[in-house]
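These notes concern the structure reproduced below.
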Amino acid sequence: MEDPLTLTHDRRTELLAGCRLFSGVAPPDLAAVAGRAIEVDFPANHVIARQGEIGTGFFLIVSGSVRVVRGGDEVAVLGPGDFFGELSVLDGLPRTAQVVAREPTRCLGLASWDFEQALLESPTLALSILRGLAGRLRTVTEQQHH
40 MEDPLTLTHD
50 RRTELLAGCR
60 LFSGVAPPDL
70 AAVAGRAIEV
80 DFPANHVIAR
90 QGEIGTGFFL
100 IVSGSVRVVR
110 GGDEVAVLGP
120 GDFFGELSVL
130 DGLPRTAQVV
140 AREPTRCLGL
150 ASWDFEQALL
160 ESPTLALSIL
170 RGLAGRLRTV
180 TEQQHH
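Residue 126 in our numbering sits at position 87 of the sequence shown, with consecutive numbering throughout.
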């Protein structure tokens, strides 16, 4: 479990650097994103994101874990280093799943407008995010064809 005190800017940058979505992002761009990120603590069983609602943020799990529920079925359990909320933040459409804290969970959160501003300020960040999403889409597409 992370120290209950506020994470340093360097630690937030380090956590983002370890996130698949940000692989290939240059350190200065990561630092800029880290400067916009805030820590959010959720108690066990807290609904962090509701399926069908417009998302207002991207979350990277620092400690704890969450359940991803789609249509009443648990489709995944995510833990430290995993992330959620990026699709709704990027396309402005309703969330495709509900995310519920399984235990006390700390996340780095990035509000939609901060996420968008970071992308506008850094073409390399935007390109990296596009590549990350394309990779996830490719994986899902390949799984559906096997």
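Glycine included, each C-beta is placed from N, C-alpha and C at the ideal position.
Can you check whether the CB of residue j is closer than 8 Å to the CB of residue i?
| i | j | result |
| --- | --- | --- |
| Thr178 | Val64 | no |
| Leu55 | Leu126 | no |
| Gln182 | Thr135 | no |
| Val79 | Arg106 | no |
| Ala76 | Arg51 | yes |
| Thr144 | Gly103 | yes |
Based on the DSSP secondary-structure assignment, which residues constitute the bridge partners of residue i?
| i | result |
| --- | --- |
| Ile87 | Bridge partners of Ile87: none, in fact. |
| Val128 | Answer is none; Val128 lacks a bridge partner. |
| Val138 | Ala88 and Val107 |
With H, G and I counted as helix, E and B as strand and the rest as coil, what does DSSP make of residue i?
| i | result |
| --- | --- |
| Thr95 | coil |
| Asp80 | strand |
| Pro119 | coil |
| Pro133 | strand |
| Gly111 | coil |
| Asp42 | Model confidence at Asp42 stands at a pLDDT of 49, short of 50, so the residue's coordinates are unreliable; what they give is reported in the following sentence. If DSSP states are grouped into helix, strand and coil, Asp42 belongs with coil. |
| Thr47 | coil |
| Ser151 | helix |
| Ser102 | strand |
Less than 7 Å separating the Cβ of residue i from some heavy atom of the ligand MG?
| i | result |
| --- | --- |
| Phe61 | The model on display carries no ligand, and the ligand MG is accordingly not part of it. |
With burial defined as no fewer than 16 other Cβ atoms inside 10 Å of the residue's Cβ, what is the status of residue i: buried or exposed?
| i | result |
| --- | --- |
| Gly171 | buried |
| Arg59 | exposed |
| Glu53 | exposed |
| Val114 | exposed |
| Leu159 | exposed |
| Met40 | The pLDDT assigned to Met40 is 46, lower than 50, so where the model puts this residue is not dependable; a value taken from the coordinates is nonetheless given after this. It is exposed - the Cβ of Met40 has fewer than 16 other Cβ atoms within 10 Å. |
Spell out whether any CB of chain B is found under 8 Å from the CB atom of residue i.
| i | result |
| --- | --- |
| Val79 | Given the protein chain composition of this structure (a single chain), no chain B is represented. |
Check your understanding: Which runs of the alpha helix (DSSP H), 4 residues or longer, sit entirely within the segment 51-80?
Key -> 66-75
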